[in-house]
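Quick note: the sequence shown uses the working numbering, first residue 15, plus one each step.
Idealized CB from N, CA, C, for every residue including glycine.
A quick note: this is a predicted structure, and the numbers were derived from the prediction, not measured.
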Amino acid sequence: MAKHASYTCGGGCPVEATLDLIDGKWKGVLLFHLQSGTQRFNALKRNLPNITQRMLTKQLRELEASGLVLRTVYAEVPPRVEYTLTPLGESLQPIIGALKHWGEGYLKRSAESEVLPRRNGRSLPISKAKSEARGAQGARAARR
15 MAKHASYTCG GGCPVEATLD LIDGKWKGVL LFHLQSGTQR FNALKRNLPN ITQRMLTKQL
75 RELEASGLVL RTVYAEVPPR VEYTLTPLGE SLQPIIGALK HWGEGYLKRS AESEVLPRRN
135 GRSLPISKAK SEARGAQGAR AARR
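Set out below in C-alpha cells:
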C-alpha cells in the first residue's frame, strides 16, 4: 500500500513511489519468490524461514492492496490460498532482478574483504560475526 496519496516532490518522486510499493523487510523477497509462479502461503513461509506468520500475512496483504499480488482463496477443506503476481507485479521483475544482481556483487565483495557490514554502522571480521551469531543462537536455545 502506498504511503502517500500523491507525490509532489522533484525528480526523485518516481523512485519514492516505487520504494513505497516494495518498502518493507520482506516485500522484495516475496516478489522475488513469486516470480517463479503461483505459490501457496506455506510454500512462501518455507522460502522465508525467519519471517513470522503474522508478518508474512501482513506483507502479502500490503502487496495485494498495492495491486502487485493477487490472492486467490479456494472454497475447499482445508482452505487453499494461492498468491501470484499481477501484471503490475510482473512489471517489477527487472527491478527485482537488478537488486538480486547488485546484492550478489555486494556479498561477493564483502566476502572477499572478510568484513560483514552491520546495521549500526560498525563492521566485524567474518570470524567474529560468525562467533557472535553462534552465541546468539545458543542464547535463544537456552531461553526455550
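Can you tell me whether Met15 is buried or exposed? The criterion is at least 16 other CB atoms within 10 Å of its CB, across all chains shown.
Only weak support exists for where Met15 lies, its pLDDT of 48 falling under 50; the coordinates are left without a value.
In angstroms, rounded to a whole number, what distance separates the CA positions of Ser2 and Glu90?
There is no way to answer for residue 2, as the model of the chain reaches only from 15 to 158.
Whole angstroms is fine: what's the gap from Leu74's alpha carbon to Ala112's?
Going by the C-alpha atoms only, they are around 22 Å apart.
Tell me, please, whether the stretch 44 to 59 touches the stretch 67 to 82 by the rule of three or more beta-carbon pairs shorter than 8 Å.
Output reads yes: the stretch 67 to 82 touches the stretch 44 to 59.
Does the pairing of the stretch 47 to 61 with the stretch 93 to 105 give three or more beta-carbon distances under 8 Å?
Taking a contact to require three or more Cβ pairs closer than 8 Å, the stretch 47 to 61 and the stretch 93 to 105 qualify as touching.
Between the beta-carbon of Leu102 and the beta-carbon of Leu82, is there less than 7 Å?
Result yes, Cβ atoms of Leu102 and Leu82 sit closer than 7 Å.
Quick check on Glu90: does DSSP put it in helix, strand or coil?
Three-state result, Glu90: coil.
Report the CB separation of Tyr84 from Thr66 in whole angstroms; it is logged as a contact under 8 Å.
This sequence places Leu at residue 84; Tyr is not what is there. Not really, about 23 Å apart at Cβ, beyond 8 Å.
Applying the 10 Å Cβ sphere with the 16-neighbour rule, what's the burial state of Leu33?
Answer is exposed; the Cβ neighbour count stays below 16.
Completely contained alpha helix (DSSP H) runs for the stretch 60 to 127, where each covers 4 or more residues
As far as the stretch 60 to 127 is concerned, its whole alpha helix (DSSP H) runs of at least 4 residues are 67 to 79, 101 to 104, 107 to 127.
Which residues in the same chain as Arg157 place their Cβ atom closer than 6 Å to its Cβ, once the five residues preceding and following it in sequence are excluded?
With a pLDDT of 48 at Arg157, under the threshold of 50, the modelled position of that residue is not reliable, and the figure given next carries that caveat. Once the five neighbours on either side are set aside, Arg157 has no close Cβ partner at all.
Classification of Trp40 by the beta-carbon crowding that lies within 10 angstroms, buried from 16 upward:
When all chains shown are included, Trp40 counts as buried.
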